[in-house]
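Just so we're aligned, residue 0 is where the sequence shown starts under numbering that gives the first Met the number 0, counting upward by one.
C-beta atoms are modelled at their ideal positions from N, C-alpha and C, and glycine is treated no differently.
Take a look at the structure below.
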Amino acid sequence: MVREVARYRGPYPYIDGLIMQVTQRIDSIEVMHLARAEGRSNYTVKRLISLWSNLATNFSVLPLRLATFAGVAMGILGLAAAVLVVLEAMITGTPSGWASSMTTTLLVAGVQFLILGVLGEYVGRAFLSANGKPQGVVREMIAPKPDRAAALSPQDALQ
Numbered sequence: 000m001v002r003e004v005a006r007y008r009g010p011y012p013y014i015d016g017l018i019m020q021v022t023q024r025i026d027s028i029e030v031m032h033l034a035r036a037e038g039r040s041n042y043t044v045k046r047l048i049s050l051w052s053n054l055a056t057n058f059s060v061l062p063l064r065l066a067t068f069a070g071v072a073m074g075i076l077g078l079a080a081a082v083l084v085v086l087e088a089m090i091t092g093t094p095s096g097w098a099s100s101m102t103t104t105l106l107v108a109g110v111q112f113l114i115l116g117v118l119g120e121y122v123g124r125a126f127l128s129a130n131g132k133p134q135g136v137v138r139e140m141i142a143p144k145p146d147r148a149a150a151l152s153p154q155d156a157l158q
C-alpha cells in the first residue's frame, strides 16, 4: 500500500484519499483522545475548507455527476411545470407570466446542467486517467506449485 501511495505525483496529496484509492480493507481501533498538551491546531477554518475541497475534487468525480443529476431533476421539474402551464391554459385561459417564465427557466437550466454533467464526466475520466489511479493493485503473487505445473502436458495446459 505504501508503494502505491508513494507513486502519486499529483499536486494535492491527501493521504486518506490516496489510501482509499489503493485499498478498501481498512479497520479501526479505539484510542484514547487526550487534550492537546501545548499550543493550538494550525488548521484554521480556511485551511479546513481547502482540505475538504481537495478531498472532494481530487479523488472523486461525484461533484461532476451531481451536475448531471441536478440537470435531470430540473428537466423533470420543467416538464412537469410545462404540463401544468398547458393545462392551465386549456382550463382557465392565458397562464400567468410567472408560471411560463419558471417553466422556461427550469427547462433551459436543466438542459444546461445536463450538458455540463456530460462534459464533466469526460473531464473527470480524463482527470482520473492523468491522476494515475490504479484500477487494481496486486497484493500478492502466488507461484504455481512446481509438481502440478510439471505434471501437466502442453495439451492439458491448453484445456
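- Membership of residue 70 in the alpha helix (DSSP H) is indicated by the continuous run 61 to 91.
- Taking C-alpha positions only, residue 15 is separated from residue 144 by approximately 38 Å.
- Comparing alpha-carbon positions, the option among 27, 126 and 99 lying closest to residue 79 turns out to be 99.
- In this structure, the CA atom of residue 69 is about 20 Å from the CA atom of residue 52.
- The three-state secondary structure of residue 100, taken from DSSP, is helix.
- Around residue 60, the same chain offers 123 as residues with beta carbons nearer than 6 Å, after the five sequence neighbours per side are excluded.
- CA-to-CA, the gap between residue 46 and residue 38 works out to about 17 Å.
- Under the criterion of beta carbons closer than 8 Å, residue 113 and residue 71 qualify as touching, at roughly 6 Å.
- Residue 56 is positioned such that its CB atom lies no closer than 7 Å to that of residue 77.
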